[in-house]
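A.B. asks:
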Amino acid sequence: MPRIFDSEIYISPSDEWIFRGNKIDKEEILQYFRNNLHGNEKGVYIENRFGELSEHGYIRIDGFPCHVLHVELTDSGMIFHTDDGRSYPFGDFEIYETSDGGLLGLRSAEEKIKYRFTWNAARELSEHLEEEDGTTYLEWKGVKMEIPKYSGEVLVPLPTDYT
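Counting from 22, one number per residue, gives the positions in the sequence shown under the working numbering.
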């Protein structure tokens, strides 16, 4: 059973990672944290493993912990490259429109970890987006599908208990 606790890490509305009031800006540390983010019914945590031991440090999220950096269009599909060091094919990665007209991404298996599209990634995808009567559509290889509006919360609070 992992040790479970408040990591004291906070993701600000401007997507900055903060630990005890100090911004975390070392890219290697951020990469490690992003690679080890997981969600469950209690919230979002960073998983650390030390041999047989593990710990889950929960974080409070008011912004986006991860970002889509690049949208690659291939003959077989669309691939989303992210700053957690991963690439997700369309289908394993869902796109939503936010209430302010932005884009939000979610891994199909991790609904609490949300991805903001960088300007470059949004621009790459925008070539295949079309707005019609207030609805945004993705048009790709002859298929036109509606981009759903995201109705959930971006915020993820800390758990009230760690048992």
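Heads up, the beta-carbon is just placed ideally off N, CA and C, and yes, glycines get one too.
According to DSSP, what are the bridge partners of His149?
C.D. replies: As a first step, residue 149 is located in the sequence shown; it is residue number 128 there, counting from the start. In DSSP, His149 forms no bridge with anything.
A.B. asks: Flag this pair as touching only if the stretch 117–125 and the stretch 66–73 have three or more C-beta atom pairs under 8 Å; answer yes or no.
C.D. replies: The stretch 117–125 vs the stretch 66–73: no contact.
A.B. asks: From the DSSP output, which residues share a beta bridge with Thr156?
C.D. replies: Position 135 of the sequence shown, counted from the first residue, corresponds to residue 156. Beta-bridge pairing links Thr156 to Glu153.
A.B. asks: Taking 8 Å as the cut-off, decide whether the C-beta atoms of Tyr79 and Asp113 are in contact.
C.D. replies: For the purposes of this step, residue 79 is taken as the residue at position 58 of the sequence shown. For the purposes of this step, residue 113 is taken as the residue at position 92 of the sequence shown. No, they are not a contact pair.
A.B. asks: For the pair the stretch 142–160 and the stretch 49–56, tell me if three or more CB-CB distances fall below 8 Å.
C.D. replies: The answer is no - the stretch 49–56 does not touch the stretch 142–160, with fewer than three Cβ pairs under 8 Å.
A.B. asks: Could you pull the DSSP bridge partners for Thr181 from this structure?
C.D. replies: Numbered from 1 along the sequence shown, position 160 holds the residue referred to as residue 181. Thr181 is not bridged to any residue.
A.B. asks: Could you compute how far the alpha carbon of Asn141 sits from the alpha carbon of Pro169?
C.D. replies: Residue mapping note: residue 141 aligns to position 120 of the sequence shown, counting from 1. Residue mapping note: residue 169 aligns to position 148 of the sequence shown, counting from 1. So the alpha carbons of these two residues sit roughly 21 Å apart.
A.B. asks: On the CB-based measure, 16 or more other CB atoms within 10 Å of its CB, does Met99 come out buried or exposed?
C.D. replies: What you label residue 99 is simply residue 78 of the sequence shown in a count that begins at 1. Flag for Met99 reads buried.
A.B. asks: Could you check if Glu73 is buried or exposed, using at least 16 other CB atoms within 10 Å of its CB as the buried criterion?
C.D. replies: Your numbering for residue 73 matches position 52 in the sequence shown. Glu73 is exposed by the Cβ-count criterion.
A.B. asks: Whose C-beta lies closer than 6 Å to the C-beta of Val89 among residues of the same chain, with five residues either side of it excluded?
C.D. replies: The sequence position of residue 89 within the sequence shown is 68, counting from 1. Closer than 6 Å at Cβ, skipping near neighbours: Phe101, Thr103, Gly126, Tyr136, Phe138, Ala142.
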